[in-house]
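Protein chains in written order, with full-length UniProt numbering: chain A, 1 to 489; chain B, 1 to 70. Right, one structure below, let's go through it.
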């Protein structure tokens, strides 16, 4: 199976090759955070073009191993970087993300490319006419798009494996899963190929790869960020959000992406609420609790130890029960199966052999779901939301594991949790699904217990309180409990 | 919000087989043998999840969560 980058081309100019950047420059910029790059570019210390070339050099060097990218937009990226440097030379003020290379899960529209959404079938679509709103917003802040990222087919995945493009590999151990479905997003950031990436999260697809790849991720409140011009999976549950190696960069990207958008009818109008300027002001008085019950079973001991390490650093010794979490996960499972299947019914009929088999068979099953099951799940969704809002009268933030284990090996089909053998693919998200079911904002925080692979902790906040989730993530990073080192490759 | 007095029984495999066969016929899916076996396994999982959800009694006046907003 060939690597994704084998077919990755510069959409505008396929003959242009990436010139090698100086190795020292590439290495230092690979470890730089987005906010550090932006500060340097805005100050004129480093040209945006140099940052870009360092990023492209690292991508070229690492992609044969990592396989995070499916498309590169070299000419576009170079034109943008040069425009930023020209603006700087003319004395114009640059955006908050000036010169920051970023890449997006390939379900985001990129003008000029077919939006493949991890599939073979979508490659036959005409090229997108315009960028996804979130891509345009990051570029409006002077970030530099460098390409599209590998993902599980049609986002129905927690592993990062893909039958068409090959798996995105975990940069901290190439024989292990990146997590999915935003596997390329997690892998590209963990590998230091880009400091910032975007992905989607329907049931855990930002939080799972963040955990397995040892980076930070933000799944905002449902309806908070525009989904315009992205390929859907389950409209009732889809969220978009950023990946980075520190909470400051998540906040920077999140702030740049907020705003109303008439092109997304599901966007819920909210006032602009920037998080970045207040990040680090402190968490004094925050009532932080650890999720018990459902969130302390069906997991390897390590995943609970990671939560306990975070709780200890925060001085959080309270345990709260999230009632009916198992039923919430079940309801999310039903809605996902039915709505995902409905979206692809035509393709399943016309081109069933062109699907990833692991995805096709699940979608076919979804076509057989009675409407009564889905309506019952949606009714339970309202009940569970009310239950959680009541719980948030007692606490401000809840900590829970992101995944039940460290990154499984590539190709691993089952694991044993609490003595029960379970399929990996649907069960890596058993701790994330109940939370996204009602759209709560979550910061995924990487915790390293030892020299092995990382684990993730969900920092869960009430609706629209991304600031609380990011503040706690920031506190954990400051305490040294959470960190996202660039993988040594 | 209590458990219903007479919860529905979980669907039998043979009933799920009928659902699957009906759906693949209705949606004109050209099924192959292996696909059917895998899809049945997934449908069994979904049915078990749905049974758990439907066993929770919400009464008759609890609206589904909204998605569409005029």
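A virtual CB, placed ideally from N, CA and C, is assigned to each residue, including glycine. The structure presented is a predicted model; accordingly, all values stated were derived computationally and were not measured.
Exercise for review: Would you mind working out which of 403(A), 339(A), 329(A) sits nearest residue 439(A), comparing C-alpha positions?
Suggested key: In the first chain, the residue the question calls residue 439(A) occupies position 439. Among 403(A), 339(A), 329(A), the Cα nearest to that of residue 439(A) is on 329(A).
Check your understanding: Is residue 433(A) buried or exposed, if buried means 16 or more other CB atoms sit within 10 Å of its CB?
Key -> In the first chain, residue 433(A) corresponds to position 433, counting from 1. With 16 or more other Cβ atoms within 10 Å, it is buried.
Review point. Is DSSP giving residue 16(B) helix, strand or coil here?
Key: Here residue 16(B) corresponds to residue number 16 of the second chain, with the count starting at 1. Reduced to three states, the DSSP call for residue 16(B) is helix.
Practice item. Find the residues of chain A that neighbour residue 24(B), judging by a C-beta separation of less than 8 Å, and give them in chain order. Key: For the purposes of this step, residue 24(B) is taken as residue 24 along the second chain, with counting starting at 1. Within chain A, the residues near residue 24(B) are 364, 367, 368.
Practice item. Within its chain, find whatever has a CB closer than 7 Å to the CB of residue 481(A); leave out the 5 residues flanking it on each side and keep chain order. Key: Within the first chain, numbered from 1, the residue matching residue 481(A) stands at position 481. Here the set comprises 309, 310, 313, 447.
Review point. Are residue 363(A) and residue 338(A) close, meaning C-beta to C-beta below 8 Å?
Key: The residue given as residue 363(A) occupies position 363 in the first chain. The residue given as residue 338(A) occupies position 338 in the first chain. Contact flag unset, no.
Exercise for review: List the DSSP bridge partners of residue 452(A).
Suggested key: To locate residue 452(A), count along the first chain from 1; it is residue 452. Paired residue(s): none; residue 452(A) is not in a bridge.
Review point. At a CB-CB cut-off below 8 Å, which residues of chain B make contact with residue 375(A)?
Key: Taking the first chain and counting its residues from 1, the one referred to as residue 375(A) is at position 375. Simply 64.
Point to revise | CA nearest to the CA of residue 302(A), picked from 374(A), 223(A), 402(A), 389(A) | key: Translated into the one-based positions of the first chain, residue 302(A) becomes position 302. The option with the nearest alpha carbon to residue 302(A) is 402(A).
Point to revise | Nearest residue (CA-CA) to residue 74(A), options 92(A), 87(A), 55(A), 85(A) | key: Within the first chain, numbered from 1, the residue matching residue 74(A) stands at position 74. Answer by Cα proximity: 55(A).
Review point. What's the gap between the Cα of residue 391(A) and the Cα of residue 86(A)?
Key: The residue given as residue 391(A) occupies position 391 in the first chain. The residue given as residue 86(A) occupies position 86 in the first chain. Using only the alpha carbons, I get a separation of about 52 Å.
Review point. When the Cα of residue 346(A) is compared with those of 20(B), 29(B), 21(B), 17(B), which residue comes out closest?
Key: In the first chain, counting from the first residue as 1, residue 346(A) sits at position 346. The shortest C-alpha separation from residue 346(A) is found at 29(B).
Exercise for review: Determine the burial state of residue 57(B): buried for a count of at least 16 other Cβ atoms within 10 Å of its Cβ, exposed for fewer.
Suggested key: Counting from 1 along the second chain, the entry for residue 57(B) is found at position 57. Counting Cβ neighbours within 10 Å, residue 57(B) comes out exposed, since fewer than 16 surround it.
Practice item. In the DSSP assignment, find the unbroken beta strand (DSSP E) run with residue 420(A) in it and report its ends. Key: For the purposes of this step, residue 420(A) is identified with residue 420 of the first chain, where counting begins at 1. 420–423 is the extent of the beta strand (DSSP E) around residue 420(A).
Exercise for review: Using a Cβ-Cβ cut-off of less than 9 Å, list which residues of the segment 27–47 of chain B approach chain A; keep chain order.
Suggested key: The residues in question are 27, 28, 29, 30, 31, 32, 34, 35, 36, 37, 38, 39, 40, 41, 42, 43, 44, 45, 46, 47.
Check your understanding: How would you label residue 416(A), buried or exposed, when you count the other beta carbons within 10 angstroms and need 16 or more for buried?
Key -> As a first step, residue 416(A) must be located in the first chain, where it is residue number 416. Exposed is the call here.
Review point. Which value, in whole angstroms, describes the spacing of the CA atoms of residue 426(A) and residue 393(A)?
Key: Walking along the first chain from the start, residue 426(A) turns up at place 426. Walking along the first chain from the start, residue 393(A) turns up at place 393. Between residue 426(A) and residue 393(A), the C-alpha separation is close to 32 Å.
Practice item. Quick one: using the 10 Å Cβ neighbour count with 16 as the cut-off for buried, is residue 95(A) buried or exposed? Key: Locating residue 95(A) in the first chain gives position 95, where the first residue counts as 1. Buried: at least 16 other Cβ atoms inside 10 Å.
Check your understanding: Is there contact here, the segment 17–26 of chain B with the segment 217–236 of chain A, by at least three beta-carbon pairs under 8 Å?
Key -> no
Point to revise | Spatial distance of residue 421(A) from residue 181(A) (CA atoms) | key: Reading the first chain from its first residue, position 421 is the one you call residue 421(A). Reading the first chain from its first residue, position 181 is the one you call residue 181(A). If you take the alpha carbons of residue 421(A) and residue 181(A), they lie about 22 Å apart.
Practice item. Select from 122(A), 185(A), 437(A) the residue whose C-alpha is nearest the C-alpha of residue 148(A). Key: The residue you call residue 148(A) lines up with position 148 of the first chain. For residue 148(A), the nearest C-alpha among the options comes from 185(A).
Review point. Who are the near neighbours of residue 283(A) in its chain, counting only those whose CB is closer than 7 Å to its CB and skipping five residues on each side?
Key: To locate residue 283(A), count along the first chain from 1; it is residue 283. Cβ within range, chain order: 471, 472, 475.
Review point. Under 8 Å between the Cβ atoms of residue 192(A) and residue 486(A)?
Key: Taking the first chain and counting its residues from 1, the one referred to as residue 192(A) is at position 192. Taking the first chain and counting its residues from 1, the one referred to as residue 486(A) is at position 486. The answer is yes: Cβ separation under 8 Å.
Check your understanding: Rounded to a whole number of angstroms, what is the C-alpha to C-alpha distance between residue 21(A) and residue 88(A)?
Key -> By 1-based counting over the first chain, the position of residue 21(A) is 21. By 1-based counting over the first chain, the position of residue 88(A) is 88. The predicted position of residue 21(A) is uncertain, since its pLDDT is 45 and thus under 50; no value can be drawn from it.
Review point. If you run the structure through DSSP and keep just helix, strand and coil, what is residue 384(A)?
Key: Within the first chain, numbered from 1, the residue matching residue 384(A) stands at position 384. Note: residue 384(A) maps to helix in three-state DSSP.
Review point. Are the CB atoms of residue 68(A) and residue 187(A) nearer to each other than 8 Å?
Key: One-based indexing of the first chain puts residue 68(A) at position 68. One-based indexing of the first chain puts residue 187(A) at position 187. Yes, these two residues count as a Cβ contact at 8 Å.
Check your understanding: residue 334(A) CB to nearest chain B CB: under 8 Å?
Key -> Indexing the first chain from 1 puts residue 334(A) at position 334. Residue 334(A) counts as touching chain B.
Practice item. Would you kindly report the start and end of the unbroken alpha helix (DSSP H) that includes residue 209(A)? Key: As a working mapping, residue 209(A) is identified with position 209 in the first chain. Per DSSP, residue 209(A) belongs to the alpha helix (DSSP H) from 207–213.
**Study point:** 7 Å Cβ cut-off: residues of chain B touching residue 327(A)
**Key:** Indexing the first chain from 1 puts residue 327(A) at position 327. Residues of chain B passing the Cβ test: 52, 53, 56.
Review point. Using the beta-carbon of each residue, which ones in chain B are nearer than 7 Å to residue 331(A)?
Key: What you label residue 331(A) is simply residue 331 of the first chain in a count that begins at 1. At a beta-carbon threshold of 7 Å, the residues of chain B lying near residue 331(A) are 53, ordered along the chain.
Check your understanding: According to a CB-to-CB cut-off of less than 8 Å, which residues of the segment 378–412 of chain A neighbour chain C?
Key -> No chain C appears in this structure, whose protein chains are A and B.
Check your understanding: Which chain B residues sit within Cβ distance under 7 Å of residue 349(A)?
Key -> Counted from its first residue, the first chain places residue 349(A) at position 349. The contacting residues are 27, 28, 29.
Review point. Start and end of the alpha helix (DSSP H) containing residue 364(A)?
Key: Stepping through the first chain from its first residue, residue 364(A) is reached at position 364. Looking at the DSSP string, the run of the alpha helix (DSSP H) that includes residue 364(A) is 357–366.
Point to revise | Cut-off 6 Å between Cβ atoms - residues of its own chain near residue 462(A), not counting five sequence neighbours on either side | key: Position 462 of the first chain holds residue 462(A). Excluding sequence neighbours, residue 462(A) sits near 392.
Exercise for review: Could you spell out where the beta strand (DSSP E) holding residue 146(A) opens and where it closes?
Suggested key: Here residue 146(A) corresponds to residue number 146 of the first chain, with the count starting at 1. Per DSSP, residue 146(A) belongs to the beta strand (DSSP E) from 144–149.
Check your understanding: Quick one, which of 134(A), 479(A), 297(A) has its alpha-carbon nearest residue 419(A)'s?
Key -> What you label residue 419(A) is simply residue 419 of the first chain in a count that begins at 1. Per the Cα distances, 297(A).
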